[in-house]
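Quick notes on the structure that follows.
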Amino acid sequence: MSGFTTSNVYRIIVTGSLLALLGACSATTTIDEYRPSGEPIELNADERVVVLGRRDAGHYETDREFIDCVAKQMKGADIGILPEAQFIDSIYPWFEPRTAPKGLPRLKKLMRTPSIKTVVDNQSVRYLVWLDGSTETLDKGGSISCAIGPGGGGCFGFAQWNKLSVYEAIVWDLQDLQEMGRLRVDSEGTSYLIGAVAPIPLLTPVKSDACSSLGKQLKTFFSAS
Amino acid sequence: MLSKNMSYKKTYKESCKNISKISLALIVLVILGGCSSSASVQVDRTFPKVLGEPKSVTASIVFLEDFSTFVAQPNENTVIDIGTAQVEVLQNAFAGLFNDVEFVTSRDQITNTKGLVITPSVREVQVSTPSDNYLNVFEVWIKYNLEIQSVDGDPIDSWFMPAYGKTPDTFMYSKPKAIEEAAVIALRDAGAKLMLDFYRIPAIYGWMMERQILEGSQ
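In order, the protein sequence lines correspond to chains A and B. At position 104 of the first sequence the residue is numbered 104 (my numbering), and the sequence of numbers has no breaks. If you want my numbering, it's the position in the second sequence, counting the first as 1, plus 225.
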């Protein structure tokens with residue numbers, strides 16, 4: 001008779017806890033979308049999109065890694081993407097944090113300058129996607145300590161933290177100089193670190209979830225022809 | 226045969242131990258290097274040409290040796306060599322502002338007989354690290370001063386021009402790398418500030434109106 005021995009009960013508890021934690025390691029993501037028309041934007045084969053990060057806020061900056069990630073997601077859908085750095089350098093200094101247009105009136109003024117218009121047209125940039133946001137750690141709890149000695153070492157304890165990613169994407173048409181729509185993604189999740197001799201991280205990919213969700217949704221804005 | 230085999234095993238074990246010790250020492254050194262509180266930074270980048278529509282103004286830009294070899298020491302642990310980089314940035318920016326521009330290293334070398342003479346200098350460089358600002362960013366401020374005169378030596382203005390740069394975050398950056406990154410952004414900002422605001426300086430605007438050079442800056 002096998003029955004419920006103490007070791008079996010421990011195993012079940014440990015497995016159950018790990019499964020519960022692993023199950024909890026997924027981000028909750030919400031996307032809000034606004035666009036004047038339900039139809040996707042038709043992109044010709046020679047038209048390209050550039051994804052740019054807003055960098056004028058004081059306490060955060062939309063990081064390049066996130067922008068590259070979103071651009072990569074969109075590239076997968078046969079949408080011609082111009083790298084951010086290439087576009088900003090080609091049009092320097094008009095898309096630096098100090099000079100980048102924050103609204104359509106300023107964009108219209110910039111695009112009236114012949115040299116700027118020529119550079120934009122030469123690179124076949126039709127749409128500009130502004131990304132603004134950041135990922136922040138909200139709450140931290142628990143504690144974990146590690147020690148090392150002549151006989152060996154290890155970590156003991158339990159720590160957890162919540163992360164929240166909030167990003168907004170605004171799509172501008174550089175030809176018609178109008179806003180084509182906007183998207184907002186909120187992604188939240190908890191990560192854990194268990195110290196059971198070896199530290200076991202159970203990380204929730206909050207930022208990458210926000211990136212893939214935003215990238216997928218942006219893809220639906222455009223249709224490559 | 227047995228003893229030969231044993232001595233081979235012993236040598237193999239010892240070399241493995243040595244490799245482990247060296248690896249451990251290297252890891253500790255890398256970690257300690259990463260934690261180092263001092264930073265010596267050489268800004269060694271190329272900066273893009275500006276996209277500007279130069280006005281029909283003649284200007285002579287004097288990059289004194291102090292300026293072109295400038296090494297900032299914002300605090301006792303940080304040294305930033307920005308001399309070469311700032312000359313490149315300002316050369317690009319001035320070339321985007323003026324139709325006819327010459328760059329010289331002293332006032333005696335000026336060949337223009339009309340227009341502006343601009344001598345840039347650095348007033349101060351400040352650095353802020355995450356331990357100072359409690360933010361996850363490194364920041365650099367470069368405060369420039371432009372002495373603007375006519376070619377005859379009449380003072381037109383002394384223009385204070387601050388530039389600012391910060392890193393997106395500190396993740397995966399060593400302190401020198403992060404300060405270099407922030408300094409590069411600050412230098413780019415200096416170029417942007419110059420392009421955006423130069424023709425908005427009231428004294429320059431007045432000087433241009435006197436000479437009937439039409440307004441039409443960005």
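Ideal placement from N, C-alpha and C gives every residue a C-beta, glycine not left out. The structure displayed is predicted, hence computed values, not measured ones.
Cα atoms of F272 (chain B) and T118 (chain A): separation of roughly 21 Å, rounded to the nearest angstrom. Distance check between Q334 (chain B) and each of B:E278, B:G390, B:V287 and B:A264 places B:V287 closest, using alpha-carbon atoms only. Contact between the stretch 73 to 93 of chain A and the stretch 143 to 157 of chain A is not established, with fewer than three Cβ pairs separated by less than 8 Å. In the structure shown, the three-state DSSP call for S212 (chain A) is helix. Taking C-beta atoms under 8 Å as the contact rule, Q73 (chain A) and K216 (chain A) qualify, at a distance of about 7 Å.
Beta-bridge partners of Q160 (chain A) (DSSP): A:G141 and A:Y192. DSSP lists A:I148 as the beta-bridge partner residues of G153 (chain A). In this structure, S285 (chain B) places its C-beta atom within 9 Å of the C-beta atom of N337 (chain B). Within its own chain, the residues whose Cβ lies closer than 6 Å to the Cβ of S293 (chain B), once the five positions on either side in sequence are excluded, are G308 and V312, listed in chain order. In this structure, the CA atom of K102 (chain A) is about 16 Å from the CA atom of A417 (chain B). Annotation: the continuous alpha helix (DSSP H) that includes I404 (chain B) extends over K400 to D422. Where I88 (chain A) is concerned, the enclosing alpha helix (DSSP H) starts and stops at E84 to S90. As DSSP reads the structure, Y10 (chain A) sits in no beta bridge. Here D132 (chain A) is not near I31 (chain A), since their CB atoms are 9 Å or more apart. Taking the Cα positions, V268 (chain B) is about 7 Å away from V409 (chain B). The beta-carbon of V119 (chain A) is placed less than 9 Å from the nearest beta-carbon of chain B. By the CB criterion at 9 Å, P93 (chain A) and R332 (chain B) fall outside the cutoff. If you draw a straight line from the Cα of G189 (chain A) to the Cα of V329 (chain B), it is about 58 Å long.
In the structure shown, the three-state DSSP call for Q334 (chain B) is helix. By the criterion of at least three beta-carbon pairs nearer than 8 Å, the stretch 53 to 62 of chain A is not in contact with the stretch 106 to 123 of chain A. Residue contact with chain B for Y167 (chain A): absent (no Cβ-Cβ distance below 9 Å to any residue of chain B). Distance from the CA of Y398 (chain B) to the CA of W432 (chain B), rounded to the nearest whole angstrom, comes to 46 Å. Against chain A, a Cβ distance below 9 Å from A417 (chain B) picks out Y92, P93, W94, E96, P97, R98 and T99. The distance from the Cβ of P150 (chain A) to that of A27 (chain A) is about 42 Å, inconsistent with a contact at the 8 Å cut-off.
Separation of I12 (chain A) and G141 (chain A) (C-alpha to C-alpha, rounded to the nearest whole angstrom) is 26 Å. Judged by their CB atoms, D382 (chain B) and A318 (chain B) are not nearer to each other than the 9 Å cut-off. Take the alpha-carbon of T303 (chain B) and the one of V266 (chain B): they are about 8 Å apart. Between V314 (chain B) and V342 (chain B) a beta carbon distance of about 19 Å is seen, past the 8 Å cut, so the two are scored as non-contacting. If you draw a straight line from the Cα of F221 (chain A) to the Cα of T29 (chain A), it comes to about 19 Å. A straight line joining the alpha-carbon of N300 (chain B) with that of A407 (chain B) spans about 16 Å.
Take the alpha-carbon of H59 (chain A) and the one of I91 (chain A): they are about 26 Å apart.
For T309 (chain B), the secondary structure class from DSSP, reduced to helix, strand or coil, is helix. Between I426 (chain B) and I373 (chain B), the C-beta spacing is below 9 Å. In this structure, G378 (chain B) keeps its C-beta atom at 9 Å or more from the C-beta atom of G321 (chain B).
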